[in-house]
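Chemist: Quick one: the structure is below, questions incoming.
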Amino acid sequence: MTWTIRPPRAEDQEMLADIYLSVRRQTFVWVDPGKFHHEDFSAHTNGETVFVCEHADGSLAGFLSLWPEDDFIHMLYIRSEFQGRGAGTALLQALPEWPQHKYRLKCLVNNRRAKAFYLSHGFEVTGNGASPEGDYEELSFFPL
Numbered sequence: 001m002t003w004t005i006r007p008p009r010a011e012d013q014e015m016l017a018d019i020y021l022s023v024r025r026q027t028f029v030w031v032d033p034g035k036f037h038h039e040d041f042s043a044h045t046n047g048e049t050v051f052v053c054e055h056a057d058g059s060l061a062g063f064l065s066l067w068p069e070d071d072f073i074h075m076l077y078i079r080s081e082f083q084g085r086g087a088g089t090a091l092l093q094a095l096p097e098w099p100q101h102k103y104r105l106k107c108l109v110n111n112r113r114a115k116a117f118y119l120s121h122g123f124e125v126t127g128n129g130a131s132p133e134g135d136y137e138e139l140s141f142f143p144l
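All residue numbers for the sequence shown refer to full-length UniProt numbering, where the first residue is 1 and numbers rise by one.
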């Protein structure tokens, strides 16, 4: 499948917030869904570089947000109907200097599907910690 990776447009903001809210509620079933809000997307991506993944039909499949100063992938969210179809891979491949650059992220331990995705793309577990949503592992991608 062919994806277009591009910067967000003003008209994307509502759909990106919808994706962020719905995927979190669907995935993080161990967290009270009332803790997730539509306005979280704007607050949680403030100051970050956002990459949008667009399907050939023009619909938004998902997004990745990067905190460039630390090469930290803060978020990668894909709508459920597009999961497993290459959208997440396309977003990773759109990162600056991928795969010749080191990146890191935190993945909740309970989010087994996401962890399997990152491990299959060359990330390695390099640390761990705890957050309000649960324990996490730090994953790092080392250049090829």
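Backbone N, C-alpha and C fix where the C-beta goes; we use that ideal spot for every residue, glycine too. Being a predicted model, the structure only gives us computed values, none of them experimental.
In three-state DSSP terms, what is D144?
Modeler: The residue you asked about is not Asp; residue 144 is Leu in the sequence shown. In the structure shown, L144 sits in coil (DSSP, three-state: anything other than H, G, I, E or B).
Chemist: Classify T4 as buried or exposed, calling it buried when 16 or more other Cβ atoms lie within 10 Å of its own Cβ.
Modeler: exposed
Chemist: Pick out whichever of G58, F142, H38 and T126 has its Cα sitting closest to the Cα of V23.
Modeler: H38
Chemist: Tell me the DSSP bridge mates of A130?
Modeler: D135
Chemist: Need the endpoints of the alpha helix (DSSP H) that K106 sits in, please.
Modeler: Premise fails: K106 lies in the beta strand (DSSP E), Y103 to L108, not in any alpha helix (DSSP H).
Chemist: Report the CB separation of D71 from R25 in whole angstroms; it is logged as a contact under 8 Å.
Modeler: Contact doesn't hold; Cβ gap of about 29 Å is too wide.
Chemist: Closer than 7 Å by C-beta to E48: which residues in its own chain qualify, once you throw out the five before and the five after it? Chain order, please.
Modeler: Correct list, in chain order: S65, L66, W67 and H74.
Chemist: From what residue to what residue does the alpha helix (DSSP H) around T4 run?
Modeler: Careful: T4 lies outside any alpha helix (DSSP H), inside the beta strand (DSSP E) at T4 to R6.
Chemist: Would the beta-carbon of residue 149 fall within 8 Å of that of Y118?
Modeler: With the chain represented from 1 up to 144, any question about residue 149 goes unanswered, as that position is not in the structure.
Chemist: State the DSSP-derived secondary structure class of T89, mapped to helix, strand or coil.
Modeler: helix
Chemist: How would you label G62, buried or exposed, when you count the other beta carbons within 10 angstroms and need 16 or more for buried?
Modeler: With 16 or more other Cβ atoms within 10 Å, it is buried.
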